[in-house]
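Start counting the sequence shown at 227; every next residue gets the next number (this note's numbering).
We treat Cβ as the ideally placed atom computed from N, Cα and C, and that holds for glycine.
Note that the coordinates shown come from a computational prediction; the quantities given were computed from them, not determined experimentally.
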Amino acid sequence: MHIWVKRSMQTALVSGGLFVLGTGVASAADSPDAPANPIDAGVTVPIDIGDNVLGTPVGQTKLPGYQGEVSTKTLTNPLQQALKPKTSSAAKPATPAAAKPTQKTVTKAAPSKAAPPSDPLRGNRANADLAVPVQIAGNAFAAGGPAEVDGSNHHQTYQDHHDITTSGAGTPLGGNVVDARWAVPVQFANNAISWAGAARTKGGRAEQTTSTTGSDTTDGRGGTGSGNVLAGQWATPLQVTGNAASWGGSAQTTDSQAHNTTASGGPISSAGKDSTLAGNVGAAPLAFPMEFNGNAPTWGGVSTVDSSKTTDTVTAGGTKEGINHIPSYVQTNGDRGTGSGNIVQPQGAGIANVASVAAAWAGKSSTGGVHGGPLADPVPLPGYPFPTGNPLTGGINPAAPAPTGQPTRPDGSPLWPVPIPSPQPVKPAHAPKSASSSKSTVTSGGFSSTSAKDGTGSGNIADAPLAVPAEVFGVAGNWGLESYAGHDNTSDVKSGSGTYTNGNGGKASGNLVSEPVAASPDVFGSGASWIGTSYGQATNTKNVRAGGYDGTQGNNSEASGNIVTAPAALPAEVFGVGGSWVGQGVGVADEHKKVTAGGDGNTNDDNGKLSSNVIAAPLSAPTQVFGVGAAWIGRGVGEASNHTDSKAGGDYHGTGALGTVAGNIAQAPISQVTQVDGDGAAWGGYGQGVSDNTTNSRAGGKNLADGTGGTLAGNVVNAPSAGTAGVFGVAPAWIGRVTGDATNNVTSTAGGDTHTAGDRGQLAGDVVSAEALPIAQVFGDSAAWIGMVDGSAVNHTRNTSGGDITSSGTGTSGVVQDAPTSEVAQVFGDSAVWGGVANAYGDNVTHGNSGGHVGTTGQHNQTPVGAVGQIYGLHPALLGQATSIVPENVTQVMDGDTPAQLDLPLGPSALPANGIPTLPGLPG
């Protein structure tokens, strides 16, 4: 590195270090018996630069390399020594060992547990560590000439671990900790970048390991304003590797491998027993890798990524053994305290990933070893494939090698075309294995616990875990010419875990507020083209979890042990979609996904007031578009297999025996599945969509309450909604050939059974419930103005909202008011044509249960309202031919113990071509 560059970076870092009084990372030299510095901060930038080349018209040049470190410690070491509390002359500093240029390990000694007499800050500690390792290796830059790197191999390690251990026990305003640790490694490796030249990288290996870790331990027992912790633990690596980008030239990346391991922070422990405003913890861990790997953008050139593989392991926070031997992130307590032992913890885990995207503007791009599409184009567009020797290739032969594998159907039939007529839906083709892949494991925070027995305003927890991996991969798009993409993705993302507290005998203590959100917005395995050819293939295996079990107690307490929770599981994605405007777009994708937010909630209370109540609003809402092919004067083919499990919340248990306004539960779970899949559409072209869908969505669970001997206790308010909205196996066309094939298996469940009791109570054990069951689906239909269309679908839908209700009591207790409703509207197996051929196949099995049986020894009333409306088997035709097949139509909907009162099936018998319509489902 040029000396002026190094000095510039040093100047910037030193300037930033001045604001923290120059207290850098030099505490590695401290003796274990020496008192810690009250303020410790530093910025470190390890640098690894090498194996980079530049190609120009005069030849290839190897760019300068550098291995070393730039840090604030050149200024902060002397200042830190001057600020350190005085100690005995017997304490001798240790001599730090020399580190390798590209491997930095810092281990800071743990300070003593109690503040020394000479410490004017009473054991308070502040720490801020920022580590920004930079790795720039194995890159080829072409600017009017060839550039090539072969076999680059770089490993960079930076480790900074130091625990903070202090105490403010029995001390006012002592032993507080403010700790901020941030690891931001930057990796730019194995990229080929071209401007009017040829750039190539091959066999590149790049690895980064970064940690700014350590635990925070303090004690505020018997103190005032002591033992509090405020911690920020952030791990946010940036990875840009294995890409090939060109502008009027060519770029190629082959066999790139990049690995990143980043960790920040650790477990947190404190205590606020017998204290005031002590032992509170505010923790904000964030694990969030940002990745741009294996992509191939081009503008008027050729970009090729034959293989790019990445792995990332990112961790924020940490755990150690806690209550009941559970690995725990935060532990504290506020027993007999005032405003003590509380926890506030927003926890974040996510991914921002763009991988194996092939994007071309008047050029050719490919990723994942996919060098050709699965369809043979009968009329090649002018200008492609590139003739050998095309000046845009820059010396790389663009002749298409054999693709990594062709997508095939389970029965071995070809991808294109689906035959017309197709009496039953075909199964989608499976995406073959790609040469590029990514694997990410991201973890933030963990289980947290506290206690507030006989406390006031203590032991409360506010928990907001957020898990949101957002990824785009295996997508091809172009304007003119060609783009091909392939990628296999695996992600495991977890934010937070369970929580537990105890408010027995307390006042406004031991309460829980939890809002876990697990979402997964993805776009993958798709191709889009405007005057060209695009093909994207991908597989996706993903597990996303936020939060977990919530537990507390409120025995003999006031306004304690309550739970408020609103978990949300939100899978949202687009995959296996092919779209084209005057061209050809193909997408093939397979997915297995599990998204979970929250878990069971449990609180117990005997003889409490305003205690052990539960308010829950879980939401599970898969929203997906997959297996869709659409074209405007072109050809669009989309095929996808989907397996999704989405779950929010769980069973809720609240007991209020002998209590007042205690043990009540209010639950409003919503499970709503919204999907568009297996559809084809065309305006003057060809559209083909095929899907195989298995989706399970669940929100909330059982209500388990008890108000025995209580007043306004053990009551339940329940409002579940289990809905499904879908458009699948549909084939509309305006001059074209379109097929839509879908196999659909969807289960949507909200809530569950309710059990409570109000014996010997007043206004206890009562239940008010209103269940909803909305189902709206269109499937197995086709329509054409002039063309040939075929819509085919098999549907199995099962929705359950609420369940049986059981209670007991007399007088004002054990009273049940239940209003189950259902609203079902479906259109399937219908075809319509103006001029051409339209075929429809709709096989339907729909089961719905809204509410259930009511059993109580008290008064009860159930008022069911249900309506089912279905249009099926119709096939009007003006100048063409329309056919409709409905081999099975089983729709069974129950509202409580009663079938839906209004059932309007509008089929061929109800709407004859030559006769008077009849409505057999009307009452009377």
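Between the CA atoms of residue j and residue i - distance to the nearest angstrom
i     : j     : result
T391  : K835  : 39 Å
D445  : S783  : 26 Å
A1002 : V964  : 23 Å
T537  : K665  : 5 Å
G824  : A847  : 14 Å
V412  : D274  : 10 Å
T982  : T1026 : 21 Å
A1093 : Q1118 : 11 Å
F954  : T1032 : 39 Å
G371  : G423  : 5 Å
Y1068 : G1074 : As written in the sequence, residue 1068 is Gly, which differs from the Tyr given in the question. Near 19 Å, if we compare the C-alpha coordinates of G1074 and G1068.
D386  : L464  : 19 Å
K232  : P272  : With a pLDDT of 41 at K232, under the threshold of 50, the modelled position of this residue cannot be trusted; read the value that follows with caution. If you take the alpha carbons of K232 and P272, they lie about 12 Å apart.
G862  : V1004 : 21 Å
T270  : N971  : 54 Å
N469  : G802  : 23 Å
G732  : S495  : 22 Å
V851  : W960  : 22 Å
N1087 : Q1043 : 5 Å
G474  : T759  : 19 Å
S253  : R562  : Unreliable placement is indicated for S253, whose pLDDT of 33 sits below 50; no coordinate value is reported for it.
Range of the contiguous beta strand (DSSP E) that encloses residue i
i     : result
A1103 : Per DSSP, A1103 belongs to no beta strand (DSSP E) and is neither H nor E.
Y384  : N379 to H388
Q1003 : P1000 to F1005
Q1127 : Segment: none, Q1127 is in no beta strand (DSSP E) and carries neither H nor E.
H818  : Q810 to A823
L692  : I687 to S721
A523  : The question names Ala, but residue 523 in the sequence shown is Pro. Taken as a continuous stretch (DSSP letters only), the beta strand (DSSP E) holding P523 covers A522 to W525.
W807  : A794 to W807
G904  : Per DSSP, G904 belongs to no beta strand (DSSP E) and is neither H nor E.
E374  : A373 to D376
V743  : V743 to A772
L512  : V507 to A513
I362  : V360 to A363
Residue i, buried or exposed, once every other Cβ within 10 Å from all chains shown has been counted against 16
i     : result
G977  : buried
D1123 : exposed
P797  : buried
N550  : exposed
V1116 : exposed
D637  : exposed
P895  : buried
G377  : exposed
E547  : exposed
Sub-8 Å separation of residue i and residue j beta-carbons
i    : j    : result
S786 : S837 : yes
K768 : S752 : no
A925 : Y878 : no
G966 : D871 : no
A888 : A957 : no
V583 : N521 : yes
V994 : V943 : yes
G700 : A792 : no
T467 : A484 : yes
G773 : N828 : no
G706 : W587 : yes
P651 : T969 : yes
F367 : A457 : no
Cβ of residue i within 8 Å of any chain D Cβ
i    : result
N769 : This model lacks chain D altogether; it includes just one protein chain.
Residue i: CB within 7 Å of a non-hydrogen atom of the ligand PLP
i    : result
G671 : With respect to the ligand PLP, the structure shown offers nothing to examine, as it has no ligands at all.
message = Between the segment 396-403 and the segment 282-292, can you find at least three pairs of beta-carbon atoms closer than 8 Å?
response = With the cut-off at 8 Å, the segment 282-292 and the segment 396-403 do not touch.
ask   = Taking three-plus beta-carbon pairs below 8 Å as touching, is the segment 653-660 in contact with the segment 856-869?
value = Two segments are said to touch when three or more pairs of C-beta atoms, one from each, lie closer than 8 Å; by this definition the segment 653-660 touches the segment 856-869.
message = Whether or not the segment 570-577 and the segment 496-505 are in contact is what I'm after, with contact meaning three or more pairs of Cβ atoms, one per stretch, closer than 8 Å; do they touch?
response = Taking a cut-off of 8 Å for Cβ pairs, the segment 496-505 and the segment 570-577 do not touch, as fewer than three such pairs fall below it.
ask   = How do the segment 1082-1102 and the segment 668-684 stand: do at least 3 beta-carbon pairs fall below 8 Å, yes or no?
value = Too few Cβ pairs lie closer than 8 Å, so no.
inquiry  = Assess contact between the segment 926-936 and the segment 1003-1010, defined as three or more Cβ pairs (one per stretch) separated by less than 8 Å. Is contact present?
reply    = Fewer than three beta-carbon pairs drawn from the segment 926-936 and the segment 1003-1010 are found closer than 8 Å, and the two stretches are therefore not classed as touching.
task = Examine the Cβ distances between the segment 1104-1111 and the segment 1044-1051 and report whether three or more of them are shorter than 8 Å.
result = No, the segment 1104-1111 does not touch the segment 1044-1051.
inquiry  = Contact between the segment 631-648 and the segment 731-745 is defined here as three or more beta-carbon pairs at a separation below 8 Å; is this criterion met?
reply    = Too few Cβ pairs lie closer than 8 Å, so no.
inquiry  = Contact between the segment 667-678 and the segment 714-723 is defined here as three or more beta-carbon pairs at a separation below 8 Å; is this criterion met?
reply    = By the Cβ rule, the segment 667-678 counts as touching the segment 714-723, because three or more pairs are nearer than 8 Å.
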